[in-house]
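Student: Quick note, the sequences are listed as chains X and U, same order.
Quick note on numbering: my numbering labels position 79 of the first sequence as 79, and the sequence is numbered without any gaps.
Add 1000 to the 1-based position in the second sequence for my numbering, that's all there is to it.
Every residue gets a Cβ at the ideal spot worked out from N, C-alpha and C, and that includes glycine.
Let me begin by handing over the structure; questions about it come next.
Protein chains: 2
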Amino acid sequence: MKTISKENYLKIIFSREEETGKPITTTYLADKLNVSKAAITDMARRLAAEELIAYERYHGIRTLPKGKKLAVEVIRKHRLWELFLLEVLNMNWSEVHDEAELLEHTTSDKLMNRIDKFLGHPKFDPHGDPIPNRNGKFPKTAKRMSLLESAEGKKYKIVRVNDASKDVIDFLSKIGIELGSEITVKKILPKNEGALIKNGRRLHSISGNIAAALFIAPAEKGRKR
Amino acid sequence: MKTISKENYLKIIFSREEETGKPITTTYLADKLNVSKAAITDMARRLAAEELIAYERYHGIRTLPKGKKLAVEVIRKHRLWELFLLEVLNMNWSEVHDEAELLEHTTSDKLMNRIDKFLGHPKFDPHGDPIPNRNGKFPKTAKRMSLLESAEGKKYKIVRVNDASKDVIDFLSKIGIELGSEITVKKILPKNEGALIKNGRRLHSISGNIAAALFIAPAEKGRKR
DNA sequence: CTTAAAAGTTAAGCAATCTTAACAATAAAG
DNA sequence: CTTTATTGTTAAGATTGCTTAACTTTTAAG
Chain X
1 MKTISKENYL KIIFSREEET GKPITTTYLA DKLNVSKAAI TDMARRLAAE
51 ELIAYERYHG IRTLPKGKKL AVEVIRKHRL WELFLLEVLN MNWSEVHDEA
101 ELLEHTTSDK LMNRIDKFLG HPKFDPHGDP IPNRNGKFPK TAKRMSLLES
151 AEGKKYKIVR VNDASKDVID FLSKIGIELG SEITVKKILP KNEGALIKNG
201 RRLHSISGNI AAALFIAPAE KGRKR
Chain U
1001 MKTISKENYL KIIFSREEET GKPITTTYLA DKLNVSKAAI TDMARRLAAE
1051 ELIAYERYHG IRTLPKGKKL AVEVIRKHRL WELFLLEVLN MNWSEVHDEA
1101 ELLEHTTSDK LMNRIDKFLG HPKFDPHGDP IPNRNGKFPK TAKRMSLLES
1151 AEGKKYKIVR VNDASKDVID FLSKIGIELG SEITVKKILP KNEGALIKNG
1201 RRLHSISGNI AAALFIAPAE KGRKR
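Listed below in structure tokens is the structure:
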């Protein structure tokens, strides 16, 4: 059965997994949810029984497709509510989060779609976080390459080059990169000290400067059209 | 502690008490809430322990001030949400009730006041039911005297006379009744067969016709100003 | 007034979500 | 590679809100 508690667990598990790419620990969840670690283990068993998560004793939690879907629905509701409360009802920035935290669990999909429509199908909430659409798809979001440590190993598309200086342009054209190029991020050094990317078969080292100028968005998966 | 379940119990207990003026029975609640009678007894003990209701074994439930206050808050939220969903979000008449049933328990007073303001402090919901204001006061509602069986013994004010025929006007003036008069309802006969009212010290018998033409609203309580 | 039907209560138990305390596994440090 | 600190699990128990079944009180009918 779907409960408020379970929705909250899944929401946090999902978000954390997106952030780290690693299994979520008991301690992290106990902290975030303000409950004992025993409570986490307990719930983990129940969520696993419903195939919402994969849970391996002593080795953390991962979401399964069903759990992911539920989590995304809750996140969608949360973000739409935040926007709605802020923009339509003129609530304060500071109040909006807690309010949405409550409403997100008692809002039907139908109502949520009404609100979505009312707001003009927004893609981002007041914090700039992406709002998944009614099918659970997140809008592609472009970020500075220099800030993308978490996403190493994945394919990205260059969507903006935030620097028009000759040096930068020249360097990029020299290594065969232009707007729309698809590259693979191999390594992002912390503190904006550059990056390692792969363009086709060639591996290139990028300075911090340039990594900060390049805005990249996840490349489409699946077959090309 | 305040829970969704308790709010629902109180809401129904309060409404039923307003309607009948009598203690609420276990069977009635079990029916309304779709739970066993044992569950009602159980909850009654818990609500009584919190002084939300007065509960006497085998003799039903009455609300206490604290419970009344809570119930009115929930009713206010319910009705405001219904209006909001219908008018602002264009939801269907049929969907609005169930949706409000959920939202009413997860909406802060602050948010509710925003919605109230957004709607222009409405006094009635889409069903015509009165919406209590933020202090829990219901707007005075005028009703045909012929339909007010429930309210015998109380003081009312004549707020509308929905019949301009000479006979009616003459009769009323003969017994000393005009717009604004305060009378006490002594007896309302069912099937619109008339009423017995007291105007000052005099007792008058009213025909069904006239009882249907007189719109009355609860008289103000407390000291006159 | 008695008695059967209706209404209400109690007892035992279950599921969900917690808690604390004791114990077990893993990871980190030497 | 052992030892210890950290992390995680289990067991037992509490609370909320239910259920069913057995029992008690009240009400209504004769």
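Check whether the Cβ atoms of X/ILE53 and X/ILE61 sit closer than 8 angstroms, and answer yes or no.
Tutor: Working through the first sequence from its first residue, we reach residue 53 of chain X at position 53. Working through the first sequence from its first residue, we reach residue 61 of chain X at position 61. Cβ atoms of X/ILE53 and X/ILE61: closer than 8 angstroms.
Student: Determine which residues of the segment 1101-1112 of chain U have a Cβ less than 8 angstroms from any Cβ of chain X, and write them out in chain order.
Tutor: Going along the segment 1101-1112 of chain U in chain order, one finds LEU1102, LEU1103, HIS1105, THR1106, THR1107, SER1108, LYS1110, LEU1111 with a Cβ nearer than 8 angstroms to chain X.
Student: Given 8 angstroms as the limit, is there contact between the segment 211-220 of chain X and the segment 131-150 of chain X, that is, 3 or more CB pairs closer than that?
Tutor: Segments in contact, yes.
Student: Nearest to U/GLU1073 by alpha carbon, out of U/LEU1102, U/ASN1133, U/HIS1097?
Tutor: What you label residue 1073 of chain U is simply residue 73 of the second sequence in a count that begins at 1. Minimum Cα distance to U/GLU1073 is reached at U/ASN1133.
Student: Using the three-state DSSP reduction, which class does U/GLU1104 fall into: helix, strand or coil?
Tutor: On the second sequence, residue 1104 of chain U is found 104 positions in, with the first residue counted as 1. Three-state result, U/GLU1104: coil.
Student: For the alpha helix (DSSP H) containing U/PHE1138, name the first residue and the last one.
Tutor: The residue you call residue 1138 of chain U lines up with position 138 of the second sequence. U/PHE1138 -> no alpha helix (DSSP H), and no H or E assigned at all.
Student: With respect to the alpha helix (DSSP H) encompassing U/ARG1045, which residues constitute its N-terminal and C-terminal limits?
Tutor: Locating residue 1045 of chain U in the second sequence gives position 45, counting from the first residue. Counting along the chain, the alpha helix (DSSP H) containing U/ARG1045 begins and ends at 1037-1049.
Student: Does the beta-carbon of U/ILE1210 have 16 or more other beta-carbons within 10 angstroms, so that it is buried, or is it exposed?
Tutor: By one-based count along the second sequence, residue 1210 of chain U stands at place 210. The residue in question, U/ILE1210, is buried, as its Cβ has 16 or more Cβ neighbours within 10 Å.
Student: U/ILE1004 and U/HIS1105: beta carbons closer than 8 angstroms?
Tutor: Numbered from 1 along the second sequence, position 4 holds the residue referred to as residue 1004 of chain U. Numbered from 1 along the second sequence, position 105 holds the residue referred to as residue 1105 of chain U. Yes; because the gap between Cβ atoms is below 8 angstroms, this pair is in contact.
Student: By the DSSP assignment, the alpha helix (DSSP H) with X/VAL74 in it spans what residues?
Tutor: In the first sequence, counting from the first residue as 1, residue 74 of chain X sits at position 74. That run of the alpha helix (DSSP H) goes 65-87.
Student: Which chain U residues sit within Cβ distance under 7 angstroms of X/GLU95?
Tutor: One-based indexing of the first sequence puts residue 95 of chain X at position 95. Correct list: LYS1110.
Student: Say whether chain X places a C-beta atom closer than 8 angstroms to the C-beta of U/ILE1115.
Tutor: Locating residue 1115 of chain U in the second sequence gives position 115, counting from the first residue. Chain X contact via Cβ: present.
Student: Kindly confirm or deny that the segment 73-89 of chain X and the segment 111-119 of chain X touch, where touching means at least three C-beta pairs closer than 8 angstroms.
Tutor: They touch, by the three-pair rule.
Student: From which residue to which residue does the beta strand (DSSP E) around U/ARG1160 run?
Tutor: For the purposes of this step, residue 1160 of chain U is taken as residue 160 along the second sequence, with counting starting at 1. Per DSSP, U/ARG1160 belongs to the beta strand (DSSP E) from 1155-1161.
Student: With a threshold of 8 angstroms between beta-carbons, can X/GLU99 be considered close to chain U, or not?
Tutor: Here residue 99 of chain X corresponds to residue number 99 of the first sequence, with the count starting at 1. Yes, its Cβ sits closer than 8 angstroms to a Cβ of chain U.
Student: Determine whether the Cβ of U/ARG1160 lies closer than 8 angstroms to any Cβ atom of chain X.
Tutor: As a working note, residue 1160 of chain U is residue 160 in the second sequence. Chain X contact via Cβ: absent.
Student: If you compare alpha carbons, which of X/GLY200, X/LYS186, X/LEU119 is closest to X/LYS154?
Tutor: Taking the first sequence and counting its residues from 1, one reaches residue 154 of chain X at position 154. Of the candidates X/GLY200, X/LYS186, X/LEU119, the one whose C-alpha sits nearest the C-alpha of X/LYS154 is X/LYS186.
Student: Step through the CB atoms of chain U and report whether any lies within less than 8 angstroms of the CB of X/PHE89.
Tutor: One-based indexing of the first sequence puts residue 89 of chain X at position 89. Checking the displayed sequence, the identity of residue 89 of chain X turns out to be Leu instead of Phe. With 8 angstroms as the cut-off, X/LEU89 counts as an interface residue toward chain U.
Student: Do you know offhand how far X/THR25's Cα is from U/LEU1103's?
Tutor: Counting from one through the first sequence, the residue named residue 25 of chain X turns up at place 25. Counting from one through the second sequence, the residue named residue 1103 of chain U turns up at place 103. Between X/THR25 and U/LEU1103, the C-alpha separation is close to 33 angstroms.
Student: Listing by chain order, which chain U residues have their CB less than 9 angstroms from the CB of X/PHE118?
Tutor: Residue 118 of chain X sits at position 118 when you count from the first residue of the first sequence. In chain order: VAL1088, LEU1089, ASN1090.
Student: Using three-state DSSP, classify U/ALA1195 as helix, strand or coil.
Tutor: For the purposes of this step, residue 1195 of chain U is taken as the residue at position 195 of the second sequence. Strand, per DSSP.
Student: What are the boundary residues of the beta strand (DSSP E) that includes X/SER205?
Tutor: Working through the first sequence from its first residue, we reach residue 205 of chain X at position 205. First-last of the beta strand (DSSP E) with X/SER205: 202-206.
Student: Taking the beta strand (DSSP E) that U/LEU1214 belongs to, which residues open and close that run?
Tutor: Position 214 of the second sequence holds residue 1214 of chain U. Start and end: 1214-1218.
Student: So, are the CB atoms of U/LYS1198 and U/ILE1183 less than 8 angstroms apart?
Tutor: Here the question's residue 1198 of chain U lines up with position 198 in the second sequence. Here the question's residue 1183 of chain U lines up with position 183 in the second sequence. Contact flag set, yes.
Student: Beta carbon of X/THR196, beta carbon of X/SER205: below 8 angstroms?
Tutor: To locate residue 196 of chain X, count along the first sequence from 1; it is residue 196. To locate residue 205 of chain X, count along the first sequence from 1; it is residue 205. Residue 196 of chain X is actually Leu in this sequence, not Thr. It is a contact, given that the beta carbons lie within the stated cut-off.
Student: Between X/ASN8 and the rest of its own chain, which residues show a CB-CB distance below 7 angstroms, the 5 nearest in sequence each way excluded?
Tutor: Residue 8 of chain X sits at position 8 when you count from the first residue of the first sequence. So the list reads LEU33, once near-sequence residues are dropped.
Student: Distance, Cα to Cα, U/SER1094 vs X/LEU111?
Tutor: Sequence index remark: in the second sequence, residue 1094 of chain U carries index 94 (1-based). Sequence index remark: in the first sequence, residue 111 of chain X carries index 111 (1-based). So the alpha carbons of these two residues sit roughly 13 angstroms apart.
Student: Hey, X/LEU172 and X/VAL161: beta-carbon distance below 8 angstroms or not?
Tutor: Locating residue 172 of chain X in the first sequence gives position 172, counting from the first residue. Locating residue 161 of chain X in the first sequence gives position 161, counting from the first residue. Yes, they are a contact pair.
Student: Just the Cα atoms here: how many angstroms apart are X/LEU29 and X/LEU47?
Tutor: The residue given as residue 29 of chain X occupies position 29 in the first sequence. The residue given as residue 47 of chain X occupies position 47 in the first sequence. Using only the alpha carbons, I get a separation of about 14 angstroms.
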